[in-house]
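Shown next, in structure tokens, is the structure this report addresses.
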Amino acid sequence: MNATPIIFLVVAALTLVAAFLVVTVRNLIHAALWLVATLFGVAVIFVLLDAGFMATVQLVLYIGAIAILIVFAVMLTRRVMQDVGPQRNSNWWLGAIVAAVFFVAISSLLWRTGWPALPGGDVGDTVLALGRSLVNPDQYVIPFEVASVLLIIALIGSIAVALPGKQSE
């Protein structure tokens, strides 16, 4: 008997619980830490699917950079760490209905078409082709560089907003 389905179900359940806690806890630091746990669960699921590159990207990029950046940004802003406002929107039921409709639509689509076959064997050529397309001037180098410039502008803007001093009131 293979233990992979059991490990998958346990990790998927823990990931869903952590994702639920991200949006329900009242403390912002705790929410950021639950986000790290959720992203780690997704990385474990990538490992179970033999997608080592995606698991590495998940760990390095999302957990190692973005989630930790969120934690540091929240801790360095010196604002109230706990939200005291209402935690529910009065139109929460509309969001629940829309989410249920999308879930049913995507589930029925997957049920009718079947799961796509995953390529077996080495996917190193795919990663190599992706890397080459990101630096090829005829393919995706311009959008890749535009995205990096936009991220730098957003970082500079967030630093400017967070700096104490000349702020209009």
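Here the sequence shown is numbered in our numbering, starting from 110 and rising by one per residue.
We put the CB at the ideal spot given by N, CA and C, even for glycine.
CA-to-CA distance, A146 to A164, given in whole angstroms: Between A164 and A146, the C-alpha separation is close to 14 Å.
Given 8 Å, three or more beta-carbon pairs between the region 147-158 and the region 170-181: Contact between the region 147-158 and the region 170-181 is present, because at least three Cβ pairs lie under 8 Å.
Host alpha helix (DSSP H) of V270 (start-end): Counting along the chain, the alpha helix (DSSP H) containing V270 begins and ends at V250 to A271.
Span separating the alpha-carbon of R221 from that of A205: For R221 and A205, the gap between their C-alpha atoms comes out near 24 Å.
Distance between G266 and E278 (C-alpha atoms, nearest Å): With a pLDDT of 49 at E278, under the threshold of 50, the modelled position of this residue cannot be trusted; read the value that follows with caution. Taking the straight line from one Cα to the other gives about 18 Å.
Straight-line gap, T124 to I116 (C-alpha atoms, nearest Å): Roughly 12 Å between the two C-alpha positions.
Three-state secondary structure (DSSP) of E278: Its pLDDT being 49, under 50, E278 is placed unreliably by the model, and the measurement read from it follows with that caveat. For E278, the secondary structure class from DSSP, reduced to helix, strand or coil, is coil.
Nearest residue (CA-CA) to F181, options V119, V166, L137 and N245: Taking only the C-alpha atoms, the option nearest F181 is L137.
Expected contact under 8 Å - CB spacing of V131 and A121 to nearest Å: Contact doesn't hold; Cβ gap of about 16 Å is too wide.
D234 to R241 span [Cα, whole Å]: The straight-line gap from Cα to Cα measures roughly 10 Å.
V250 vs V258 beta-carbon contact at 7 Å: No, the pair does not count as a contact, with Cβ atoms beyond the cut-off.
Residues near T133 by beta carbon distance below 6 Å, same chain, minus five either side: Same-chain partners within the cutoff: there are none.
Same chain, Cβ closer than 8 Å to L157, neighbours up to 5 away in sequence not counted: Same-chain partners within the cutoff: T113, I116, F117 and V120.
Three-state secondary structure (DSSP) of S216: Helix, per DSSP.
Q167, buried or exposed, once every other Cβ within 10 Å from all chains shown has been counted against 16: Looking at its Cβ environment, which holds 16 or more other Cβ atoms inside 10 Å, Q167 is buried.
Whole-number beta carbon distance between A176 and L148, since they are thought to touch under 8 Å: Contact between L148 and A176 is confirmed by a C-beta separation of about 6 Å, below the 8 Å threshold.
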